[in-house]
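Colleague: Input: one structure, supplied below.
There are 2 protein chains.
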Amino acid sequence: MENILTQVGKKLRDRDYKLTPQREEILRVLIENQDKHLSAEEILGLVKEKAPEVGLATVYRTLEILYSMGLVHCMDFGDGRKRYEFELLDKKAHQHHHLICLKCGRIEEIEEDLLEELEREVYKSKGFTVTNHQLKIYGFCQECAPKKKEGEI
Amino acid sequence: MENILTQVGKKLRDRDYKLTPQREEILRVLIENQDKHLSAEEILGLVKEKAPEVGLATVYRTLEILYSMGLVHCMDFGDGRKRYEFELLDKKAHQHHHLICLKCGRIEEIEEDLLEELEREVYKSKGFTVTNHQLKIYGFCQECAPKKKEGEI
DNA sequence: GTAAGTGCAAATGGTTTGCATCGAA
DNA sequence: TTCGATGCAAACCATTTGCACTTAC
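From first to last, the protein sequence lines stand for chains X and Y. Our numbering runs 47 ahead of the 1-based position in the first sequence. Our numbering runs 47 ahead of the 1-based position in the second sequence.
See the structure below:
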């Protein structure tokens, strides 16, 4: 973890970005919450626990940089805010997908990547070169499944 | 087409919604552009060609109703605005996916639904009941593919 | 020392809402 | 006639930006 932070710090400097205390805090929060899907505001909340003076704009600016370096993924579950997830340096091909419960809103991850076949097909039939994909699966989680009456979305 | 409009009108009245001229115009635009992915503002633009007095709020309110009735799909390609697509009444299981070009922004649709197997697996291993899914495939379209140097997103 | 980074507050832009008015049933 | 629907403008809210100040290098 301290290790990861050092690696990322080096990556930043390679790109002529400074490693400021604020960026370090934000990175720490992201690294400690790799399994969550934090919004910018949520990240700020966690950062402020240790560094109360940090501003929201800095969070956004840092996320922007990390995103452009491929160090965070950005996703949108339709609740009006973007959510961010730190991406380990060496897991280049790590493609995970999300199960989104329409009742309780819980988001679960699944690791399988069963889409390589589909990607090959898309390339063959459309000439489209795939660099990434995003699969969201909507439905009802185990707890909510029996009660799924109301919405017929 | 006139036919579809009548069907939808009936559906609306079944739910105690009125079929106003504004809603009719909005529906017409949606039906005539089923293959596009229009934003609310774009829909308004097309509606205004025939009914210049319609307001943006009405478009949003109508889309909200149609969405709640499952008559339009809503999607987000990450450009900060939601995009809407009319869904034919009888095509309940119509699952199409999107190829999004990172260079020119063009969005292509693919019809194949190769995810049924994955859905079954998700149910078995997680107890998650799938009602819908959304697959976005990012990459470079045929025209942009050779030039894909710069971003390494 | 200096350009990059920061915090704050103001601006932006898509979407929503309050309200007085209008009109479909 | 009546309550839902509309248009307008204001409100909202996540994100971005301008700017004077600070700081990592």
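From the three backbone atoms N, C-alpha and C, an ideal C-beta is built for every residue, glycine too.
#1: Do the region 61-69 of chain Y and the region 103-116 of chain Y meet, that is, are 3 or more Cβ pairs less than 8 Å apart?
#2: Residues in the same chain with beta-carbon distance under 6 Å from Leu182 of chain X, minus the five sequence neighbours each way, listed in chain order, please.
#3: Against chain Y, with Cβ distances strictly below 9 Å, would Cys188 of chain X count as a contact?
#4: Taking the straight line between their C-alpha atoms, what separation do you get for Gly92 of chain X and Pro99 of chain X?
#5: Which residues, taken in chain order from the region 148-174 of chain X, show a beta carbon closer than 9 Å to some beta carbon of chain Y?
#6: Chain Y partners of Val177 of chain X, CB-CB under 9 Å?
#7: For His180 of chain Y and Leu52 of chain X, I'd like the C-alpha separation in whole angstroms.
#8: Quick check on Glu80 of chain X: does DSSP put it in helix, strand or coil?
#9: Buried or exposed: where does Cys148 of chain Y fall if 16 or more other Cβ atoms within 10 Å of its Cβ makes it buried?
#10: Hey, could you find the ends of the alpha helix (DSSP H) Arg128 of chain Y is sitting in?
#11: Exposed or buried, what is Gly186 of chain X when buried is set at 16 or more other beta-carbons lying within 10 Å of its beta-carbon?
#12: So, with DSSP's three-state summary, where would you put Glu71 of chain Y?
#13: List, in order along the chain, the chain X residues whose C-beta lies closer than 7 Å to that of Asp123 of chain Y?
#14: Report the three-state DSSP secondary structure of Glu156 of chain X (helix, strand or coil).
#15: Kindly confirm or deny that the region 77-96 of chain X and the region 114-134 of chain X touch, where touching means at least three C-beta pairs closer than 8 Å.
#16: The alpha helix (DSSP H) that contains Val177 of chain Y, what's its start and end?
#17: Secondary structure at Ser91 of chain Y, three-state DSSP: helix, strand or coil?
#18: Please list, in chain order, the chain X residues whose beta carbon lies closer than 8 Å to that of Ala104 of chain Y.
#19: Give the residues of chain Y in contact with Ala192 of chain X, contact being defined as C-beta atoms less than 9 Å apart.
#20: Using a beta-carbon distance below 9 Å, is His84 of chain X in contact with chain Y?
Modeller: Taking the geometry as given:
#1: The region 61-69 of chain Y vs the region 103-116 of chain Y: in contact.
#2: One-based indexing of the first sequence puts residue 182 of chain X at position 135. Excluding sequence neighbours, Leu182 of chain X sits near His144.
#3: Numbered from its first residue, the first sequence carries residue 188 of chain X at position 141. It does; some Cβ of chain Y falls within 9 Å.
#4: In the first sequence, the residue the question calls residue 92 of chain X occupies position 45. In the first sequence, the residue the question calls residue 99 of chain X occupies position 52. Cα to Cα, Gly92 of chain X sits roughly 9 Å from Pro99 of chain X.
#5: Answer in chain order: Cys148, Leu149, Glu155, Ile157, Glu159, Leu161, Leu162, Glu164, Leu165, Glu166, Glu168, Val169, Tyr170, Ser172, Lys173 and Gly174.
#6: Reading the first sequence from its first residue, position 130 is the one you call residue 177 of chain X. Within 9 Å of the CB of Val177 of chain X, the CB atoms of chain Y belong to Leu146, Ile184, Tyr185, Gly186 and Phe187, in sequence order along the chain.
#7: Here residue 180 of chain Y refers to the residue found at position 133 when the second sequence is read from its first residue. Here residue 52 of chain X refers to the residue found at position 5 when the first sequence is read from its first residue. The alpha-carbon atoms of His180 of chain Y and Leu52 of chain X are separated by roughly 35 Å.
#8: Translated into the one-based positions of the first sequence, residue 80 of chain X becomes position 33. Correcting the residue identity first, residue 80 of chain X is Asn in this sequence and not Glu. The three-state reading of DSSP puts Asn80 of chain X in coil, since its state is none of H, G, I, E or B.
#9: As a first step, residue 148 of chain Y is located in the second sequence; it is residue number 101 there, counting from the start. The residue in question, Cys148 of chain Y, is buried, as its Cβ has 16 or more Cβ neighbours within 10 Å.
#10: Locating residue 128 of chain Y in the second sequence gives position 81, where the first residue counts as 1. Where Arg128 of chain Y is concerned, there is no enclosing alpha helix (DSSP H), given that its DSSP letter is neither H nor E.
#11: Indexing the first sequence from 1 puts residue 186 of chain X at position 139. Taking a 10 Å sphere around the C-beta of Gly186 of chain X, we find 16 or more other C-beta atoms and assign the residue as buried.
#12: Translated into positions along the second sequence, residue 71 of chain Y becomes position 24. Three-state DSSP puts Glu71 of chain Y in a helix.
#13: As a position in the second sequence, residue 123 of chain Y is number 76, starting the count at 1. Against chain X, a Cβ distance below 7 Å from Asp123 of chain Y picks out Asp123 and Gly125.
#14: Indexing the first sequence from 1 puts residue 156 of chain X at position 109. When secondary structure is reduced to three states using DSSP, Glu156 of chain X falls in the strand class.
#15: Counting C-beta pairs with one atom in each stretch, the region 77-96 of chain X and the region 114-134 of chain X have three or more that are closer than 8 Å, which means they touch.
#16: The residue you call residue 177 of chain Y lines up with position 130 of the second sequence. It is not in any alpha helix (DSSP H) - Val177 of chain Y instead sits in the beta strand (DSSP E) that spans Thr176 to Phe187.
#17: Position 44 of the second sequence holds residue 91 of chain Y. Sequence inspection shows Leu at residue 91 of chain Y; the Ser mentioned does not correspond to that position. Correct three-state label for Leu91 of chain Y: helix.
#18: The count along the second sequence starts at 1 and reaches residue 104 of chain Y at position 57. Counting only Cβ-Cβ distances below 8 Å, Ala104 of chain Y has no contacts in chain X at all, with the closest Cβ about 18 Å away.
#19: Indexing the first sequence from 1 puts residue 192 of chain X at position 145. Result: Gly174, Phe175 and Thr176.
#20: Within the first sequence, the letter at position 37 stands for residue 84 of chain X. No, His84 of chain X lies away from the interface with chain Y (no Cβ there is under 9 Å from its Cβ).
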